[in-house]
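S.K.:
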Amino acid sequence: MFDDRSPIYRQIADQIKADVLRGVLGDDEQVMSTNQYAAYYRINPATAAKAFQHLVDEEVIYKRRGVGMFVNPGARQRLREQRRERFFADVLEPMVAEARDLEIPAADLVARIHQLTDPGAAR
Amino acid sequence: MTPSIQISDLQVRYGDTVALHDIALDLPGGKIYGLLGRNGAGKTTLLSAVAGFRKPSAGSVRLGGEPVFENPRNTTRICLITEGGGVGDSTDNLRDVLDMARMLRPGWDDKYAEELLERFALPRKKSLGALSRGQRSAFGVVVGLASRAPLTMFDEAHLGMDAPTRRLFLDELLRDYVATQRTFVISTHLIEEQSPVFERVLILHEGRVMLHEELDELRSRGVSVTGPSAVVDDFVFGLTVLGEERLGPTKRVMVYGTLAEDSVRAARTHGLELGPVALQDLFIHLTGGVA
Numbered sequence: 001m002f003d004d005r006s007p008i009y010r011q012i013a014d015q016i017k018a019d020v021l022r023g024v025l026g027d028d029e030q031v032m033s034t035n036q037y038a039a040y041y042r043i044n045p046a047t048a049a050k051a052f053q054h055l056v057d058e059e060v061i062y063k064r065r066g067v068g069m070f071v072n073p074g075a076r077q078r079l080r081e082q083r084r085e086r087f088f089a090d091v092l093e094p095m096v097a098e099a100r101d102l103e104i105p106a107a108d109l110v111a112r113i114h115q116l117t118d119p120g121a122a123r
Numbered sequence: 124m125t126p127s128i129q130i131s132d133l134q135v136r137y138g139d140t141v142a143l144h145d146i147a148l149d150l151p152g153g154k155i156y157g158l159l160g161r162n163g164a165g166k167t168t169l170l171s172a173v174a175g176f177r178k179p180s181a182g183s184v185r186l187g188g189e190p191v192f193e194n195p196r197n198t199t200r201i202c203l204i205t206e207g208g209g210v211g212d213s214t215d216n217l218r219d220v221l222d223m224a225r226m227l228r229p230g231w232d233d234k235y236a237e238e239l240l241e242r243f244a245l246p247r248k249k250s251l252g253a254l255s256r257g258q259r260s261a262f263g264v265v266v267g268l269a270s271r272a273p274l275t276m277f278d279e280a281h282l283g284m285d286a287p288t289r290r291l292f293l294d295e296l297l298r299d300y301v302a303t304q305r306t307f308v309i310s311t312h313l314i315e316e317q318s319p320v321f322e323r324v325l326i327l328h329e330g331r332v333m334l335h336e337e338l339d340e341l342r343s344r345g346v347s348v349t350g351p352s353a354v355v356d357d358f359v360f361g362l363t364v365l366g367e368e369r370l371g372p373t374k375r376v377m378v379y380g381t382l383a384e385d386s387v388r389a390a391r392t393h394g395l396e397l398g399p400v401a402l403q404d405l406f407i408h409l410t411g412g413v414a
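In structure tokens, the structure reads:
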């Protein structure tokens with residue numbers, strides 16, 4: 001579930017953000033409690049709590065005292081904007097670099113991207 | 124509410140051998156501590172001293188402000204399950220051991236003990252000697268958890284346990300910890316498997332405390348730097364290097380510490396790859412590496 005390297009709290013926070021981004025967790029939807037999370041993934045509850053605190057600070061989730069934690073409306077949009085900014089540097093550039101190493105022509109990449117994003121047009 | 128542990132200037136000697144040197148630790152209650160160390164590092168001696176089983180040669184161990192040694196108030200608050208679940212003689216029935224624990228332990232939870240026996244599929248009527256090594260360890264876990272002692276310590280509780288039983292141990296430990304918020308100290312060699320349940324990690328090395336750190340802090344402590352040998356050598360100059368590996372013209376160096384932002388940027392511009400270091404690798408390198 002978790003890799004054995006980077007801090008666990010960061011991995012949890014990233015997972016929850018990914019769920020929000022994909023819409024698996026919707027606006028105002030409740031997320032698992034710290035203890036549920038700890039039991040499910042066999043991690044220390046304090047580590048899980050740290051991840052949640054991190055997400056509260058980043059306004060991805062909000063706390064309702066005595067009830068639990070919920071997805072902040074607007075979090076999905078904000079995460080999208082953050083990810084978009086980093087997308088080219090984090091995803092596209094390494095991909096293009098690897099394609100160059102493999103001698104895959106740029107035209108092939110573009111064609112494949114068109115195919116994936118608009119399957120109907122390829123026919 | 125959960126008493127904290129204060130260890131000051133603790134020294135334990137066996138004849139001429141000093142097993143523990145000047146241990147000073149302040150451990151707030153209500154956390155799960157992982158105690159790591161190589162064979163012979165002093166883990167068992169430290170646990171025995173904290174449990175009050177062993178008189179310190181110098182210094183003191185206190186629980187909730189009171190000494191642990193020869194102090195009945197603390198004896199009943201501490202439960203140490205020694206290596207491989209040493210909770211009685213081989214001729215004792217499991218039933219007898221549980222009866223004894225019920226008498227000695229003010230917080231003993233009978234219902235919970237029964238539940239745990241079921242979960243670990245342990246036969247009540249057998250004698251300890253008739254159990255397998257893994258079953259004895261599991262029974263130790265049952266006694267430790269059902270003791271509900273404010274300070275419960277397991278010395279290599281996993282010895283001989285198969286993988287499903289080890290997983291059950293972690294599950295039950297967490298379940299009980301969430302319910303009771305008592306203090307656990309767990310010594311282990313199964314670093315990757317068990318460390319995620321720890322809040323803090325203690326590394327004992329040659330009778331001294333090498334490190335006492337939050338688990339996630341420690342996990343972000345190591346950085347691996349990979350790239351062409353000469354470039355890597357230049358980059359790590361002046362940093363704390365724990366170890367290195369070579370693969371043809373490529374070199375990977377493990378560095379202890381956190382890199383400053385401009386170092387991270389410099390690494391990128393020099394085409395070096397930075398990555399985290401697994402806790403087990405960090406442990407191996409910190410405690411002397413492999414010969």
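Chains A and B supply the protein sequences, listed in that same order.
Each residue of the first sequence is one higher than the one before, starting from 1 at the first, in this note's numbering.
Each residue of the second sequence is one higher than the one before, starting from 124 at the first, in this note's numbering.
Positions of the beta carbon are idealized from the N, C-alpha and C atoms, including for glycine.
Measuring alpha carbon to alpha carbon, tell me which residue in B/ARG344, B/ALA383, B/VAL354 is nearest B/LEU365.
M.R.: Position 242 of the second sequence, counted from the first residue, corresponds to residue 365 of chain B. The shortest Cα separation from B/LEU365 among B/ARG344, B/ALA383, B/VAL354 belongs to B/ARG344.
S.K.: Residues of chain A with CB closer than 8 Å to the CB of B/VAL301, please, in chain order.
M.R.: If you number the second sequence from 1, residue 301 of chain B lands on position 178. ASN35, ALA38, ALA39, PRO45, listed in chain order.
S.K.: When DSSP builds the beta bridges, which residues end up paired with B/TYR137?
M.R.: The residue you call residue 137 of chain B lines up with position 14 of the second sequence. According to DSSP, B/TYR137 bridges with B/THR140.
S.K.: In whole angstroms, give me the CA-to-CA distance for A/ASN35 and B/THR168.
M.R.: Translated into positions along the first sequence, residue 35 of chain A becomes position 35. Translated into positions along the second sequence, residue 168 of chain B becomes position 45. Between A/ASN35 and B/THR168, the C-alpha separation is close to 33 Å.
S.K.: When the Cα of B/LYS374 is compared with those of B/ARG161, B/ASP222, B/PHE358, which residue comes out closest?
M.R.: Within the second sequence, the letter at position 251 stands for residue 374 of chain B. Cα-wise, what sits closest to B/LYS374 is B/PHE358.
S.K.: Can you check whether the CB of B/LEU148 is closer than 9 Å to the CB of B/VAL332?
M.R.: Position 209 of the second sequence, counted from the start, is the residue given in the question as residue 332 of chain B. Position 25 of the second sequence, counted from the start, is the residue given in the question as residue 148 of chain B. In this structure, B/LEU148 lies closer than 9 Å to B/VAL332 by Cβ.
S.K.: Less than 9 Å separating the beta-carbons of A/PRO7 and B/ASP339?
M.R.: For the purposes of this step, residue 7 of chain A is taken as residue 7 along the first sequence, with counting starting at 1. For the purposes of this step, residue 339 of chain B is taken as residue 216 along the second sequence, with counting starting at 1. Yes. Within cutoff.
S.K.: Would you report the Cα separation of B/LEU395 and B/LEU240, rounded to the nearest angstrom?
M.R.: Along the second sequence, read from residue 1 onward, the residue named residue 395 of chain B stands at position 272. Along the second sequence, read from residue 1 onward, the residue named residue 240 of chain B stands at position 117. Cα-Cα distance, rounded: 53 Å.
S.K.: For A/ARG123, count the other beta carbons within 10 Å of its own beta carbon; 16 or more makes it buried, fewer makes it exposed. Which is it?
M.R.: Position 123 of the first sequence, counting from 1, holds the residue named residue 123 of chain A. With a pLDDT of 49 at A/ARG123, under the threshold of 50, the modelled position of that residue is not reliable, and no figure is offered here.
S.K.: Tell me which residues share the same chain as B/VAL354 and place their Cβ nearer than 8 Å to its Cβ, disregarding the 5 neighbours each side in the sequence.
M.R.: By one-based count along the second sequence, residue 354 of chain B stands at place 231. Scanning its chain for C-beta atoms nearer than 8 Å, with the 5 sequence neighbours on each side dropped, one finds around B/VAL354 the residues HIS393, GLY394, LEU395, in chain order.
S.K.: Run through the DSSP bridge pairs and tell me what B/GLU336 is partnered with.
M.R.: As a working mapping, residue 336 of chain B is identified with position 213 in the second sequence. Its beta-bridge partners are B/VAL324.
S.K.: Straight-line CA distance for B/THR363 to B/ARG342?
M.R.: For the purposes of this step, residue 363 of chain B is taken as residue 240 along the second sequence, with counting starting at 1. For the purposes of this step, residue 342 of chain B is taken as residue 219 along the second sequence, with counting starting at 1. Whole-angstrom Cα-Cα distance: 16 Å.
S.K.: Quick check on B/VAL417: buried or exposed, where buried means 16 or more other Cβ atoms within 10 Å of its Cβ?
M.R.: Residue 417 of chain B is absent from the structure shown; chain B starts at 124 and stops at 414.
S.K.: Using a Cβ cut-off of 9 Å (strictly closer), state whether A/ARG123 contacts chain B.
M.R.: Start at 1 with the first residue of the first sequence, and residue 123 of chain A comes out as number 123. Only weak support exists for where A/ARG123 lies, its pLDDT of 49 falling under 50; the coordinates are left without a value.
S.K.: Can you name the residues that DSSP bridges to B/LEU203?
M.R.: Within the second sequence, residue 203 of chain B is the residue found at index 80, counting from 1. According to DSSP, residue pairing for B/LEU203 in a beta bridge involves B/MET276.
S.K.: Give me whichever residues DSSP pairs with A/PHE70 in a beta bridge.
M.R.: On the first sequence, residue 70 of chain A is found 70 positions in, with the first residue counted as 1. Partner(s): A/GLN30, A/TYR62.
S.K.: Starting from B/THR349, follow its DSSP beta bridges and name the residues at the other end.
M.R.: For the purposes of this step, residue 349 of chain B is taken as residue 226 along the second sequence, with counting starting at 1. DSSP, once it has assigned bridges, lists B/ARG375, B/GLU396 as partnering B/THR349.
S.K.: With a Cβ-Cβ cutoff of 9 Å, do B/ARG161 and B/HIS335 count as a contact?
M.R.: Within the second sequence, numbered from 1, the residue matching residue 161 of chain B stands at position 38. Within the second sequence, numbered from 1, the residue matching residue 335 of chain B stands at position 212. Their beta carbons are not under 9 Å apart, which means B/ARG161 does not touch B/HIS335 by this criterion.
S.K.: What does A/TYR9 reach in chain B if we use C-beta pairs closer than 7 Å?
M.R.: Here residue 9 of chain A is taken as the residue at index 9 of the first sequence, counted from 1. Those are ASP339, listed as they occur along chain B.
S.K.: Rounded to a whole number of angstroms, what is the C-alpha to C-alpha distance between A/ALA107 and A/PHE88?
M.R.: By 1-based counting over the first sequence, the position of residue 107 of chain A is 107. By 1-based counting over the first sequence, the position of residue 88 of chain A is 88. Using only the alpha carbons, I get a separation of about 18 Å.
S.K.: Looking at the C-beta of B/ILE407, does it have a partner C-beta in chain A at a distance below 9 Å?
M.R.: On the second sequence, residue 407 of chain B is found 284 positions in, with the first residue counted as 1. No, B/ILE407 does not count as interfacial toward chain A.
S.K.: For the alpha helix (DSSP H) that contains B/SER171, what are its first and last residues?
M.R.: For the purposes of this step, residue 171 of chain B is taken as the residue at position 48 of the second sequence. It spans 166 to 174 - the alpha helix (DSSP H) in which B/SER171 sits, taken as one unbroken run.
S.K.: Helix, strand or coil for A/ILE104? Go by DSSP, reduced to three states.
M.R.: The residue you call residue 104 of chain A lines up with position 104 of the first sequence. Three-state DSSP puts A/ILE104 in coil, outside helix and strand.
S.K.: Considering only DSSP beta bridges, list what B/ASN216 is partnered with.
M.R.: For this step, residue 216 of chain B is matched to residue 93 along the second sequence. According to DSSP, B/ASN216 bridges with B/SER250.
S.K.: Is B/GLU82 near B/LEU402, with beta carbons less than 9 Å apart?
M.R.: Summary: the structure shown does not reach residue 82 of chain B, with chain B confined to residues 124 through 414, and so no result is reported for it.
S.K.: Any C-beta of chain A sitting closer than 9 Å to the C-beta of B/LYS248?
M.R.: Indexing the second sequence from 1 puts residue 248 of chain B at position 125. False, the Cβ-Cβ gap to chain A never drops below 9 Å.
S.K.: Looking only at C-alpha atoms, which of B/LEU313, B/LEU150, B/THR140, B/THR199 sits nearest to B/PHE292?
M.R.: Translated into the one-based positions of the second sequence, residue 292 of chain B becomes position 169. Cα-wise, what sits closest to B/PHE292 is B/LEU313.
S.K.: Is there a Cβ of chain B sitting closer than 9 Å to that of A/LYS50, yes or no?
M.R.: For the purposes of this step, residue 50 of chain A is taken as the residue at position 50 of the first sequence. Output row for A/LYS50: interface = yes.
S.K.: Am I right that B/LYS166 and B/ASN216 are in contact with their C-beta atoms under 8 Å? What's the rounded C-beta distance?
M.R.: Counted from its first residue, the second sequence places residue 166 of chain B at position 43. Counted from its first residue, the second sequence places residue 216 of chain B at position 93. No, B/LYS166 and B/ASN216 are not in contact; Cβ-Cβ is about 30 Å, not under 8 Å.
S.K.: Would you tell me roughly how many angstroms separate the C-alpha atoms of B/VAL141 and B/THR275, rounded to the nearest one?
M.R.: In the second sequence, the residue the question calls residue 141 of chain B occupies position 18. In the second sequence, the residue the question calls residue 275 of chain B occupies position 152. Annotation: B/VAL141 to B/THR275 spans about 26 Å, alpha carbon to alpha carbon.
S.K.: If we define contact as Cβ-Cβ less than 9 Å, is A/ARG42 a contact residue for chain B?
M.R.: The residue you call residue 42 of chain A lines up with position 42 of the first sequence. For A/ARG42, the answer is yes, since a Cβ of chain B falls inside 9 Å of its Cβ.
S.K.: Can you pull the chain A residues whose beta carbon is under 7 Å from the beta carbon of B/VAL320, in chain order?
M.R.: Walking along the second sequence from the start, residue 320 of chain B turns up at place 197. Result: ARG42, ILE43, ASN44.
S.K.: For my contact list, B/GLY182 and B/SER131 are in at a C-beta cut-off of 8 Å; report their separation, rounded to the angstrom.
M.R.: By one-based count along the second sequence, residue 182 of chain B stands at place 59. By one-based count along the second sequence, residue 131 of chain B stands at place 8. About 6 Å separates the two Cβ atoms, so the contact holds.
S.K.: Assign A/LEU92 to one of two classes, buried (16 or more other C-beta atoms within 10 Å of its C-beta) or exposed (fewer than that).
M.R.: Stepping through the first sequence from its first residue, residue 92 of chain A is reached at position 92. Per the 10 Å Cβ criterion, exposed.
S.K.: Can you tell me which of the three DSSP states B/HIS190 falls into?
M.R.: For the purposes of this step, residue 190 of chain B is identified with residue 67 of the second sequence, where counting begins at 1. Looking at the sequence itself, residue 190 of chain B is Pro, so the reference to His does not match. In the structure shown, B/PRO190 sits in a strand (DSSP, three-state: E or B).
S.K.: Where DSSP assigns a beta bridge to B/VAL364, which residues make up the other side?
M.R.: Numbered from its first residue, the second sequence carries residue 364 of chain B at position 241. DSSP, once it has assigned bridges, lists B/VAL378 as partnering B/VAL364.
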